[in-house]
Every structure is written in C-alpha cells, then in structure tokens.
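Enquirer:
There are 2 protein chains.
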Amino acid sequence: MAKPTDTRTRILAVARELFVRQGVRETSLREIADSLGITKPALYYHFASREDLVRNIVEPLMEGMERFVAQREPPDGAESEPHDPRELLGDFFDLAWEQREVLLMVVRELPALAPLELAERMFTWRRRLIRLLLGPDPTVAARIGASVALGGMSDCVVEYADLPLEDVKGPAVEAAAAALGLPRP
Amino acid sequence: MAKPTDTRTRILAVARELFVRQGVRETSLREIADSLGITKPALYYHFASREDLVRNIVEPLMEGMERFVAQREPPDGAESEPHDPRELLGDFFDLAWEQREVLLMVVRELPALAPLELAERMFTWRRRLIRLLLGPDPTVAARIGASVALGGMSDCVVEYADLPLEDVKGPAVEAAAAALGLPRP
DNA sequence: GTCTATACCATGATAGAC
DNA sequence: GTCTATCATGGTATAGAC
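Going down the list, the sequences are from chains F and X.
Under the numbering used here, the first residue of the first sequence is numbered 1, with each subsequent residue one higher.
Under the numbering used here, the first residue of the second sequence is numbered 186, with each subsequent residue one higher.
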C-alpha cells in the first residue's frame, strides 16, 4: 500500500511539468531533485535512468492512444464495421486535446526519445487510425487526405490551446472532414 | 577568397547531416570533429558555440521562408492583392518539400533551439502566410481551417518523403484546399 | 525499503602553445 | 588554423547510513 503522495509520484509530477515546459534534454536531473528537496541519487533509487523516467511519463499516453484504436477495430477476422468519419475525427480531437501537453512533448523530442521507439509506435498507431477511417486498401490520394486531416487537427490542438475546446473542435473537425473528401454538412 | 571546400563549409555539411539524422542534442561536438578528422577546439575556432553552429544551419531556411511571404505581401499601405489560394498552397508545398529535412529538424528541436527564438519567428511567419490566404481579418473558424491546411501539408511532406513529389503534391494541395473551404475543382 | 555521500566519465567550453 | 591541456557540469554508478 503506497502512501497518499509517495516520492515516486511526486517525482513523476515534477519531471513531467519541467519536461513539458523546458524540454527533456533541457531539464537536468539535478533540477528535478532540487525542486523536490531530495538529492540526485535519490532519483536513481526510484528510476533507473533518465530514460526510465521519461518512459513512465509517456507510457500512459501511448497506452491511451493504442486503446483508442483497439476499441474501435473489429475483432480479428471479423467484418470491419464502418465508423462515422466525423464521429471518429471528433473522438480523435478529444483525445489529442486531452493529452496535448505530453503529445507535444513526444513530437518535439522524438530524437531524444528514440531509444523508446516511440516514432515506430506512433507511426503504427496512425496507420491503424487511417485504416479505421478509410478501410483496408485506401488509394495513396485518400491516405494523403487522411494525413492532412489528422496532422492538421493535431496542429490545431497545440496552436489554439488557449481557446476553449468548444470553439476549436467544431471548425477543426469540419476542416478535417473536408480534407478527407466528405461533403460539407 | 575561400578555398573550394574550406573547413568551415565542411563542418557545416557534416553537422547538418548528423543533426538531421540523429537530432541536435544527440550529436556531440566530438562526433562532428572526429568525422572530419579534426579536434574539438578546431570547431571552436570556426564557430563560437554549438548554438552558433545550429544558427548557421537553420538561418538560410528561415530567410527563405521569410522571403517567400515578403515577396507576396503588398507593399506597405497598398491595397492587398488577393492570391489564388491553390497556387499559394502549391508554392508552400514546394517550399516545405525542398527544405523538409531542416524544417523537420527545427520543429523537432524547438526546445533545444529556444535561444534562437525560432518558435517566435515560425509563429509570426505562419500568421503572415495565413493573412495572405485569408485576408486581414479572418474568423476564428477560417483560421482553424488554414491551420489544418498548412499543418496537414507539412505533415505530408515528412510522412511521404519517400514518394516522388508529383505523387504527393496534387492530393495534398487538394486536401488542403478543401480544409480551407474551397470547392473541389 | 529509502535515502546520502562520493566518485567516475563524457561533454561543452576556454586558454595558450605552435 | 590547429593542437594540448584544463575546467565545470551533468548523467550514471556504487557503498553504506538509517
């Protein structure tokens, strides 16, 4: 049974905050330790390395994203049940909006996070999502449309982060739907 | 009069290659020096710091981008002459495609490049580009559409970098045009 | 099981000799 | 224009106190 706010949890919270604000490589372990009033090696008791620390921050996000597609994919071998594209785009927007801080961190730190093979996982994840949107054998042109839709919405989530969700989501989903080739409603 | 391939130029070429491939912070000055057969302090004779090195690699890209909008903006105080949006989107695609390696590096290394204030410059640049697309006082919804269009095309330039330009450009520009709200041709 | 003290090595950077 | 020598900092590792 863990204490209500144990050291491990506090380390993760502070590290996450600093990584998001200043970047992973721009935050020294000393900085993290100092703002918790502990020493550098104390960090090492809880996390084997800086990479381990980052992994524990990023993992929940990645799992959330993978659960997102898994829940919507047909069971193995079954007929693929088509999704309403606007609903799927809207759900994707919600997910990206909710996780935007760590999501931005991941994208901006891909070189630093290379040992975690996040780029590979993100790429696979996006392929599965595009499959949900377009079915199993889309043309190149359709895939490009989907990339514009998803990439464009991801950009919006960051660019308009200071506006309320409800001001951004509607127009972003509509623009993405248009990029996909759907008729305006 | 500089020698045909002086040391400074060779340093820039090797550094650019390594920065793009492995990331800025993942490339040590030692690594650069070694692959040129010189020592670390020799680097420091040519460049005041690592930051200075990065600046010299990124600057041509930034200037190219700023020239791109400056050439298309009306002279101060003059009537704004509207641009054909598809042509502008296409030209933007060409620019991003041509510079995609360093462009990707900049986006992925924004925390590391913070002292150069690149984020600020990129942001201003995008505002000017959106103004060219939408005129001086766009609605929020229109700006979001433009962000989807531009952000989506930037993604495509990276995601489909291994396809020939002519296979990607057409569909990407059409998807971006649709996100902007233009009718399909 | 939780932390401190301490040491080690690579890195960015500088000074000064040739 | 390039090198040797040197320093401070930061990530990592271990020994041992409690």
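C-beta atoms are modelled at their ideal positions from N, C-alpha and C, and glycine is treated no differently.
All of these numbers come straight from a predicted model, not from anything done at the bench.
Starting from the beta carbon of F:TYR160, find every residue of chain X whose beta carbon is closer than 9 Å, and list them in chain order.
Expert: Position 160 of the first sequence, counted from the first residue, corresponds to residue 160 of chain F. Per Cβ cutoff of 9 Å: VAL325, ARG328, ILE329 and SER332.
Enquirer: Within 10 Å of its beta-carbon, does F:PRO4 have 16 or more other beta-carbons around it, so buried, or fewer, so exposed?
Expert: For this step, residue 4 of chain F is matched to residue 4 along the first sequence. In this prediction, F:PRO4 scores a pLDDT of 49, lower than 50, which makes its location untrustworthy; the coordinate-derived value is nonetheless stated afterwards. Its Cβ having fewer than 16 others within 10 Å, F:PRO4 is exposed.
Enquirer: Please list, in chain order, the residues of the stretch 10 to 33 of chain F that have any C-beta partner in chain X closer than 8 Å.
Expert: GLN22, GLY23, VAL24, ARG25 and GLU26
Enquirer: Below 8 Å on the Cβ atoms is my contact criterion, and I expect X:GLY330 with X:GLY366 to pass it. Report the Cβ-Cβ distance as a whole number of Å.
Expert: As a position in the second sequence, residue 330 of chain X is number 145, starting the count at 1. As a position in the second sequence, residue 366 of chain X is number 181, starting the count at 1. Between X:GLY330 and X:GLY366 a beta carbon distance of about 6 Å is seen, short of the 8 Å cut, so the two are scored as contacting.
Enquirer: Is F:GLU73 helix, strand or coil when you go by DSSP?
Expert: For the purposes of this step, residue 73 of chain F is taken as the residue at position 73 of the first sequence. Reduced to three states, the DSSP call for F:GLU73 is coil.
Enquirer: Expressed to the nearest angstrom, what Euclidean distance is found between the alpha-carbon atoms of F:MET62 and F:GLU120?
Expert: Working through the first sequence from its first residue, we reach residue 62 of chain F at position 62. Working through the first sequence from its first residue, we reach residue 120 of chain F at position 120. C-alpha separation (whole angstroms): 12 Å.
Enquirer: Which first and last residues belong to the alpha helix (DSSP H) in which F:ASP155 is found?
Expert: Here residue 155 of chain F refers to the residue found at position 155 of the first sequence. 140 to 159 is the extent of the alpha helix (DSSP H) around F:ASP155.
Enquirer: Can a CB atom of chain F be found closer than 8 Å to the CB of X:PRO380?
Expert: Because residue 380 of chain X is not part of the residues shown, which for chain X are 186 to 370, the question remains open.
Enquirer: Is X:ASP340 near F:SER147, with beta carbons less than 8 Å apart?
Expert: Position 155 of the second sequence, counting from 1, holds the residue named residue 340 of chain X. Position 147 of the first sequence, counting from 1, holds the residue named residue 147 of chain F. Yes; because the gap between Cβ atoms is below 8 Å, this pair is in contact.
Enquirer: Check the Cβ of X:GLY275 against every Cβ in chain F and list those closer than 9 Å, keeping chain order.
Expert: Working through the second sequence from its first residue, we reach residue 275 of chain X at position 90. The contacting residues do not exist; X:GLY275 stays about 14 Å from chain F at best.
Enquirer: Can you list the residues of chain X that F:ARG155 reaches, using a CB-CB cut of under 9 Å?
Expert: Along the first sequence, one-based indexing puts residue 155 of chain F at 155. The displayed chain sequence assigns Asp, not Arg, to residue 155 of chain F. The answer, in chain order, is SER332, VAL333, LEU335, GLY336, GLY337, SER339 and ASP340.
Enquirer: The alpha helix (DSSP H) that contains F:THR7, what's its start and end?
Expert: Mapped onto the first sequence, residue 7 of chain F falls at position 7. Residues 7 to 22.
Enquirer: With a cut-off of 8 Å on the beta carbons, I'd call X:LEU289 and X:ARG240 a contact; round off their distance for me.
Expert: Position 104 of the second sequence, counted from the start, is the residue given in the question as residue 289 of chain X. Position 55 of the second sequence, counted from the start, is the residue given in the question as residue 240 of chain X. Rounded, the Cβ-Cβ distance is 17 Å, inconsistent with contact.
Enquirer: Skipping 5 residues on each side, what residues in its chain have a beta carbon closer than 8 Å to that of X:LEU317?
Expert: By 1-based counting over the second sequence, the position of residue 317 of chain X is 132. Excluding sequence neighbours, X:LEU317 sits near VAL254, ARG257, GLU258, HIS268 and LEU273.
Enquirer: Tell me whether F:LEU163 is buried or exposed, calling it buried when 16 or more other Cβ atoms sit within 10 Å of its Cβ.
Expert: Position 163 of the first sequence, counted from the start, is the residue given in the question as residue 163 of chain F. F:LEU163 should be labelled exposed.
Enquirer: Could you list which residues in chain F have their beta carbon closer than 9 Å to that of X:VAL295, in chain order?
Expert: In the second sequence, the residue the question calls residue 295 of chain X occupies position 110. Note that residue 295 of chain X is Leu in the sequence shown here, rather than Val. What X:LEU295 touches in chain F: GLY23 and ARG108.
Enquirer: So which residues of chain X does F:ALA179 contact, with C-beta pairs closer than 8 Å?
Expert: Residue 179 of chain F sits at position 179 when you count from the first residue of the first sequence. Under the 8 Å cutoff, chain X gives VAL333, ALA334, GLY337, ALA360, ALA361, ALA363 and ALA364.
Enquirer: Rounded to a whole number of angstroms, what is the C-alpha to C-alpha distance between X:LEU303 and F:PRO136?
Expert: In the second sequence, residue 303 of chain X corresponds to position 118, counting from 1. In the first sequence, residue 136 of chain F corresponds to position 136, counting from 1. Going from the Cα of X:LEU303 to the Cα of F:PRO136 covers about 40 Å.
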